[in-house]
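Enquirer: First the structure, which I've put down as structure tokens, then a few questions once you've had a look.
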Amino acid sequence: MEIWLSKGSEVRRNLLRYHGDLARSLQLQHRLWFSAQFSIVVKDWLHEMDLSDAVIVNSSRLKSVVWNDFDRVKKGDTCVAVCRHCKKRLSGSSTSGTSHLRNHLIRCQRRSNHGIAQYITVREKKKEGILAHANFNMDQEQRKDEMLNLVNVKFEQDLMKDETVNTGNNNFDQRRSRRDLARMIILHGYPLAMAEHFWFRVFVKNLQPLFEFVTLDIVEADCRDIYAEERQKVSEVLDKLPGKISLSADLWATYANAECLCLTAHYIDESWQLKKKILNFVMVDYSHTEDMLSEVIMSCLMDWDIDRKLFSMTFDSSSTNDNIVFRIRDRLSQNRFLYCNGQFFDVRCAANVINLMVQDAVEALCEVTHKIRESIQFFKSTEAMQAKFNEVAQEVGVQSKRPLCLDSSSQWNSTYVMLEVALEYREAFSLLQENDSVYTMCPSDIEWERVTLVTSYLKLFVEVANDFTRCKPSTANIYFPDLCNIHLELIEWCKNSDACISSLASKMRSKFEEYWDRCGSGLAVAAMLDPRYKMKLVEYYYPLIYGSSASERIDDVFHCVKELYNEHSICSPLASIDQGLAWQVGGGARCLPASRDRLMGFDKFLHDTSQSEGTKSDLDKYLEEPLFPRKAKPRGDYARRGDVRRDRAARWRGETATRELQAEARPLGERAVC
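The UniProt record's numbering puts the last residue of the sequence shown at 674; the count rises by one with no breaks.
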């Protein structure tokens with residue numbers, strides 16, 4: 001037994017050496033089995049050892065805090081660590097480390113389980129996200145000390161910023177642990193019944209024996225309490241917002257193939273950070289009519305008390321949903337809650353319009369796409385066919401290193417990649433059709449040319465879609481240049497001599513212009529309020545798009561900006577006064593709207609006369625200022641991508657931006673375009 005204790009590492013190495021290939025093939029199994037058996041032998045031997053004549057070793061040189069609860073005794077060449085609480089004997093050799101001693105102290109039954117945090121090593125404390133350090137016992141009836149592991153659970157980084165993890169508190173908090181359980185269920189979508197699962201209870205009991213389990217109803221009540229608290233926080237934030245709120249509505253599919261409507265609020269907070277919060281999930285039934293859905297949405301808005309704060313609403317492109325948006329817009333306009341009579345309220349989803357145009361392009365190539373797909377499957381069917389194809393590709397001088405790939409029917413960008421790669425192997429496909437009588441699915445030269453043109457169209461859409469997804473946050477001003485480029489390309493595609501291509505381009509252009517007629521002005525206004533562009537971007541693109549009628553279109557955009565500015569200059573200062581008085585008198589300023597209505601005519605008269613007297617408005621001063629740099633200046637060897645967005649936000653926060661322009665820029669910046 002002494003040989004096993006003092007020369008255990010040598011025995012383990014010798015055994016593995018003697019077993020040879022068998023030990024290498026079963027290395028993991030041998031290690032686990034041998035470690036467990038060796039631990040059992042050592043523990044049995046330690047408990048049988050007579051320590052009556054053992055000598056207690058001076059622990060002044062022992063730096064670990066675990067030695068505050070252990071006595072290190074030495075008999076002969078053997079060192080033993082004896083727990084001062086339960087008198088349990090563990091290996092005290094310097095080569096054994098202190099992890100097993102720390103683990104024992106964490107679950108020692110005769111020692112209070114308070115103050116566990118002092119045994120967490122400095123390295124572990126520095127790790128962000130440590131939830132707890134506990135002992136997991138697989139079987140409380142047999143060998144309670146054998147299978148002991150250190151549990152390290154890491155929270156998501158975003159949650160860690162908001163929730164404080166308790167590793168140093170000396171008292172166990174039952175209420176805090178219950179809330180942590182409820183938050184875990186909410187965050188990860190676990191079933192409520194998880195709290196009653198047998199092995200989950202065993203796991204938690206071994207982590208913290210003091211935790212008292214509660215019924216399923218109490219867990220559900222805790223989840224509802226957390227929801228109520230979070231809802232109240234969001235409600236307070238929305239209530240104190242200085243600007244407007246944009247709303248987006250998306251249809252989500254559930255596991256039961258049912259649909260629910262997700263309402264999300266988009267806004268810019270006081271620090272000029274774009275935020276979004278999910279407000280409601282509304283189950284959508286086939287029996288719901290347009291009137292019913294619009295009433296449900298209005299009910300949600302009034303429940304949150306944000307109906308008077310809305311600026312725009314983004315829905316998908318179906319005609320049914322358009323009617324819902326029209327109903328909501330008309331109702332809000334009747335109450336005079338919308339700026340410019342709701343001109344900017346209805347926003348179409350740009351990504352949805354791009355998808356519709358791409359679907360037209362893919363459908364126009366359905367026959368040739370089928371041929372290419374079948375050709376790829378034919379040459380990838382066996383290794384021999386794949387080798388033959390690669391040999392022919394080298395023979396014709398194909399330089400591409402990308403292998404042939406198939407697309408997914410649900411992802412049009414994968415179809416673009418498949419066609420793009422196939423074009424690189426065009427010569428190989430043609431040569432194989434000439435030499436292989438079995439292969440008859442190669443597209444013709446005309447079909448290859450059409451694939452080349454349409455793939456170039458798809459490339460533009462892929463690049464624009466990537467721009468949309470890369471820009472975080474996605475604000476309305478970033479969409480205008482890319483959509484103008486799409487507009488210009490569609491105009492050129494319609495001039496193609498191939499009737500098939502020109503017909504496809506005309507079909508795509510009609511869908512785009514339907515979107516553009518509805519949302520183009522709003523996007524132009526948003527770009528104009530971007531200090532990098534102002535009116536210059538509109539003045540650059542509109543002559544290319546509209547030709548001789550560009551000046552009228554530019555005047556329309558400027559008129560929209562002036563109208564929006566005028567409404568802000570009248571309403572925004574009074575709204576801030578209203579909010580200030582409401583804070584002072586504790587909600588007693590509800591009589592202010594009547595006074596505001598009586599003096600609104602005077603405010604408009606004062607504003608108009610001051611303009612007519614030659615005084616420059618803040619909008620005029622803003623337009624006369626030089627443009628903000630469009631690209632960030634490099635810092636050292638690298639240019640940070642977020643500098644432009646941060647500097648642009650700083651410009652609107654700065655003293656050069658007046659409150660009226662700040663209020664005008666907020667809702668257009670937070671506008672959800674998808």
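All residues carry an ideal CB built from backbone N, CA and C; glycine is no exception.
#1: Assuming Phe378 and Tyr425 form a contact by the criterion Cβ under 8 Å, report the distance between their Cβ atoms to the nearest whole angstrom.
#2: How many whole angstroms separate the CB atoms of Cys79 and Ser93, which I take to be in contact at a CB cut-off of 8 Å?
#3: Tell me which residue opens and which closes the beta strand (DSSP E) that Cys260 is part of.
#4: Which two residues bound the contiguous alpha helix (DSSP H) that contains Trp516?
#5: What do you reckon, are the CB atoms on Lys388 and Leu356 nearer than 9 Å?
#6: How about the stretch 448-460 and the stretch 388-405: do they share at least three Cβ pairs that are nearer than 8 Å?
#7: Considering only their Cβ atoms, is the gap separating Ile245 from Ile306 smaller than 9 Å?
#8: Give a yes or no on whether the C-beta atoms belonging to Leu404 and Ala384 are separated by under 9 Å.
#9: Between Ala527 and Asn477, is the Cβ-Cβ spacing less than 9 Å?
#10: How close, in whole Å, do the beta carbons of Leu261 and Leu251 come, if the pair is a contact with beta carbons under 8 Å?
#11: Measure the CB-CB distance between Phe628 and Asp530 and report whether it falls below 9 Å.
#12: Give me the residue from Cys560, Ala364, Gly520 with the minimum Cα distance to Ala350.
#13: Under the assumption that Leu105 contacts Val66 (Cβ atoms under 8 Å), give the Cβ distance between them as a whole number of angstroms.
#14: Starting from Lys276, trace the beta strand (DSSP E) both ways and give me its first and last residue.
#15: What separation, rounded to the nearest whole angstrom, lies between the Cα atoms of Tyr541 and Val462?
#16: Please classify Leu338 as buried or exposed, where buried requires at least 16 other C-beta atoms within 10 Å of its C-beta.
#17: Helix, strand or coil for Arg336? Go by DSSP, reduced to three states.
#18: Could you give the C-beta distance for Leu247 and Met313, rounded to a whole number, given that I count them as a contact under 8 Å?
#19: Does the stretch 175-194 come into contact with the stretch 209-226, if we say contact requires no fewer than three beta-carbon pairs (one atom in each stretch) closer than 8 Å?
#20: Determine the direct distance from the alpha carbon of Tyr515 to that of Thr475, and round the result to whole angstroms.
#21: Whose C-beta lies closer than 7 Å to the C-beta of Glu539 among residues of the same chain, with five residues either side of it excluded?
#22: Determine the DSSP secondary structure at Ile306, reduced to helix, strand or coil.
#23: From what residue to what residue does the alpha helix (DSSP H) around Thr98 run?
#24: State yes or no: is the C-beta of Leu523 within less than 9 Å of the C-beta of Cys340?
#25: Taking the alpha carbon of Ala265 as the reference point, which residue from Trp272, Asn257, Lys277 has its own alpha carbon closest?
#26: At 3 residues or longer, what runs of the beta strand (DSSP E) sit wholly inside the stretch 329-400?
#27: Report buried or exposed for Met418, applying the criterion of at least 16 other Cβ atoms within 10 angstroms of its Cβ.
#28: For Arg470, which residues in the same chain have their Cβ closer than 6 Å to its Cβ, ignoring the five residues on either side in sequence?
#29: Inspect the beta-carbon positions of Tyr416 and Lys371 and report whether they are closer than 9 Å.
#30: By how many angstroms is the C-alpha of Gly76 removed from the C-alpha of Val202?
#31: My output table needs one value for Cys494: the three-state DSSP class, helix, strand or coil.
#32: For Gly97, count neighbouring Cβ atoms within 10 angstroms of its own Cβ and tell me buried if that reaches 16, exposed if not.
#33: Quick check: the Cα distance between Lys536 and His487, rounded to an integer number of angstroms?
#34: Identify whether Met441 lies in helix, strand or coil by the three-state DSSP scheme.
#35: For Val65, which three-state DSSP category applies?
#36: Can you check which of these residues, Leu263, Glu434, Asn413, Asp445, is closest to Ser456 by C-alpha distance?
Expert: Here's the rundown:
#1: 13 Å between Cβ atoms; not a contact.
#2: 5 Å
#3: 259-268
#4: 499-528
#5: no
#6: no
#7: yes
#8: no
#9: yes
#10: 6 Å
#11: yes
#12: Gly520
#13: 6 Å
#14: 274-284
#15: 21 Å
#16: buried
#17: coil
#18: 5 Å
#19: yes
#20: 18 Å
#21: Ile554
#22: coil
#23: No alpha helix (DSSP H) holds Thr98; DSSP gives it neither H nor E.
#24: no
#25: Lys277
#26: 346-348
#27: buried
#28: none
#29: no
#30: 41 Å
#31: coil
#32: exposed
#33: 18 Å
#34: coil
#35: helix
#36: Asn413
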